[in-house]
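Notes for the one structure printed next.
Residue numbers (my numbering): 877 to 1799.
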């Protein structure tokens, strides 16, 4: 019913948009009719009316962003239906998807499929767009592969942010905002001429807010909050125009954040058992939750009460410093125009604190954890016309040098050892081996833990003898397992990474051209070609003090774990090794010298045929070949895991040769699109149909223990018994296809409407493998992907906005009435597609009303975001280590014979309703 109702909502909204549609953008600096919907964009590196650009692009002006209450690109969700932005464990790790395609943002080794450019400068990761933007001119969202126009390749799309340039007229503006959660925001801008040829500007933003979550102790008393806001942003610019031919624009910016982020709430804590006729029943207790409860965890009845319990002293901390300088030089030679953009950026974020999202002290990241990108980029373009303006040509080159440093220190807390031992002793069968009370005692009382280990050892010994093993052998095996449990339970607090450093140096250069051939006055052919060469060097200096792991790997446990005849005893041995050597954490890592390098070149390009039979109508068809570089999984947890391991890598020490297991290949896409744009002075309609075929799709998922990165491909033939296929049968692993509709209108003076509708079906192939040659099977954690819709990819999304700015009397006063909404169908928020992570369809609305002075010199506005307080999840994930085994994590495994499912699921919730008042003035 939910999905059907959203289809009806979408249809209704589109019907509304059809009768009174709106402009997506308006060029703020151009002298245009305020009621016009034909606007100027630079999506093709040429200033052109949106109606003449034969690509799918949405443009959002500063006024539209302001009305919606947007301070960063995440709010574009309300205005661009094909775009979905979300953030997870830190706002430095945002994920953007266009047409259902994007890159999960938690692993810094992966570049985004949706690139972000600010003032022509590539930002290394999408999270840079979640900073304050300051004063902007507009934001352009380009859909589909990009590369022949912008410096960096993007396989799914691009977000292009253009800030407001200095002006040769003295002007200034300031605003003060106050809202609930004690939200304060101050913003201002001053600009003006120094000489006739030099203008300067300075803009800044400061914002502070209490957290959206309360931190409570086991007694339910508030002890703090998290997901707060405390940040500021400064940007200075200089514009030098000594003559009509030369323009030099210099920009320097600095962002600082010192916040507590990001908490997550439990949304699933039940233990479920399959029923013979389908469905499931709920067990009296979840054995994992019972252990955690004994260690201080609290499970709220309603996650949207936003009360969290975490380990005291392990508060979430998110610090960020992001600064950069850039210079853009444009010189008109008469027959050609040269443009150079040179930039250097330094981005460093520190995100640490509780890593298990519970009141138990299991895992944490220490304060030395950080990631840093130092990036130099240089872009040079020349463009002009030839052959009597029959050819509109553009050629360019791009160079980027980036140093990525990651210090990722994951450390065991005081409760980890007992939790791990008790989890294993509870078992993974349909019924727990211990009661809820016993599990709580096991987790909280070291003496009780030892008693249960003794009892488990005795039961193992009796069971092995009953299975026919000689008493001496049974005793040796059970003693080895008992000692393994004792060693696991006794892992000291503070065991883990001391200063584990990962380094990735990337060097990228490219040559590109993008040319428009005017075959006739109505018919154009656009041809673009790019060659990209990318090299990456990886090294790691791992420092770990987990001596327990080294001892376990040197014991009899690896031999027991690989002896299938021992049944549950072998499974227990494997569990001890897995949890005792979590993520390959061992003193054995300290002797490694991990180094590797990759290098490859790739052609990409585009061809577009566009036709304007009449001035108001543009019809086009295009083909694009896109590319996104490969790289390294910066996570020791996957070291040595190749997808072909006969024995889990964690059962033995790692070697330098394992470094290649961290590689992942480049992502490639073939995209096809046909579109139509129809524009009248007061209204416009754009429609596009698309199909995008992705090979080597870079999928990053958290399986409850580690981040798995795999290249997803499809197979045309049936899979072999080893779940592989021949290289000649490998094809696209993910295909996104659908239709987009954008409508805009100004049916009367001071009235604007906009509507957008996207149907995008981003579906995985029915048979999947994990490499381009078909030799690597799909990772077991991704077993639900074949034939399913990609995560964060709602099939149907509708957006709408409406504004009315009537005059109030004859004194120049005017009012503002504004509302926008986004209506989304169901989708799964987890990249492993566990059904527990599914989000029902929802609708979010923002609104703003106000009074403005003559020429908008001042304004008073009352605003609300998510005004109906819609509860929904941004991203759900498997709570770290909080299941009995990987094979008993989800109800989706019942079809595979799982006896129960008890993975606890946590979620990063979307923001609640916020509201407030803004005072604005300008001169």
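C-beta: ideal position from N, C-alpha, C; glycine also.
Between the CA atoms of residue 1145 and residue 1158 - distance to the nearest angstrom: 10 Å
Rounded straight-line distance, which links the Cα of residue 1448 to that of residue 1329: 12 Å
Per-residue DSSP class, three states only, for residue 928: Collapsing the DSSP output to three states places residue 928 in a helix.
Residues near residue 980 by beta carbon distance below 6 Å, same chain, minus five either side: Within the same chain, 971, 1576, 1707 come within 6 Å of residue 980 by CB-CB distance, once the 5 residues on both sides are set aside.
Segments assigned alpha helix (DSSP H), at least 4 residues, entirely inside the region 1134-1215: 1163-1170
Contact check, residue 1725 vs residue 1786, beta carbons under 9 Å: no
Where residue 1633 sits in the DSSP three-state scheme: strand
Neighbourhood of residue 1151 by C-beta, 7 Å cutoff - its chain only, sequence neighbours within 5 removed: The beta carbon of residue 1151 is closer than 7 Å to those of 1157 in its chain, skipping five residues each way along the sequence.
Nonlocal neighbours in the same chain, by C-beta distance under 6 Å from residue 1222, ignoring five residues either side: 1199, 1250
Spatially closest choice to residue 1195 from 1740, 1244, 1212, 1524, by CA coordinates: Residue nearest to residue 1195 within the set 1740, 1244, 1212, 1524 is 1244 (criterion: CA-CA distance).
Extent of the continuous beta strand (DSSP E) run through residue 1530: Unbroken run through residue 1530: none, as it is neither H nor E.
Meets three-Cβ-pair contact criterion under 8 Å: the region 1475-1493 and the region 1355-1362: Contact between the region 1475-1493 and the region 1355-1362 is absent, because fewer than three Cβ pairs lie under 8 Å.
Local conformation of residue 1278 per DSSP, three classes: In the structure shown, residue 1278 falls within a strand segment according to DSSP collapsed to helix, strand and coil.
Environment of residue 1649 [buried if 16+ CB atoms lie within 10 Å]: exposed
Complete runs of the beta strand (DSSP E) confined to the region 1545-1613 [at least 3 residues]: With a minimum length of 3 residues, the continuous beta strand (DSSP E) runs that stay inside the region 1545-1613 are 1559-1571, 1573-1578, 1583-1591, 1606-1608.
Which of helix, strand or coil DSSP assigns to residue 1713: helix
Alpha carbon of residue 1038 to alpha carbon of residue 1527, nearest angstrom: Between residue 1038 and residue 1527, the C-alpha separation is close to 52 Å.
Nonlocal neighbours in the same chain, by C-beta distance under 7 Å from residue 1295, ignoring five residues either side: 1167, 1171, 1236, 1238, 1319
Distance CB(residue 1607)-CB(residue 1617) smaller than 9 Å: no
Limits of the beta strand (DSSP E) - the one that residue 1479 falls within: 1470-1490
Continuous alpha helix (DSSP H) stretch holding residue 1320: start and end: That run of the alpha helix (DSSP H) goes 1312-1320.
Assigned exposure category for residue 1596 - 16 Cβ within 10 Å defines buried: exposed
Nearest to residue 1811 (by Cα), restricted to the options 1441, 1327, 1302: Nothing about residue 1811 can be read from this structure; the chain reaches only from 877 to 1799.
Contiguous beta strand (DSSP E) assignments of at least 3 residues, all confined to the region 1218-1263: 1239-1241, 1246-1262
Unbroken beta strand (DSSP E) run spanning residue 1502, endpoints: 1493-1504
For residue 1098: DSSP bridge partner residues: According to DSSP, residue 1098 bridges with 1092.
Short Cβ contact (9 Å threshold) for residue 1705 with residue 1674: no
DSSP-derived helix/strand/coil call for residue 1371: coil
Alpha carbon of residue 1083 to alpha carbon of residue 1795, nearest angstrom: 15 Å
Chain-order list of residues whose beta-carbon lies under 8 Å from that of residue 1599 (same chain, five-residue window excluded): 1645, 1653, 1654
Residue span of the alpha helix (DSSP H) that contains residue 1358, given as start and end: 1347-1365
Simplified DSSP assignment, three categories, for residue 1069: strand
Classification of residue 1535 by the beta-carbon crowding that lies within 10 angstroms, buried from 16 upward: buried
Rounded C-alpha distance that separates residue 1486 from residue 1398: 8 Å
C-alpha gap between residue 1322 and residue 1231, whole angstroms: 23 Å
Residue 1266 classed as buried or exposed, judged by whether at least 16 other C-beta atoms fall within 10 angstroms: exposed
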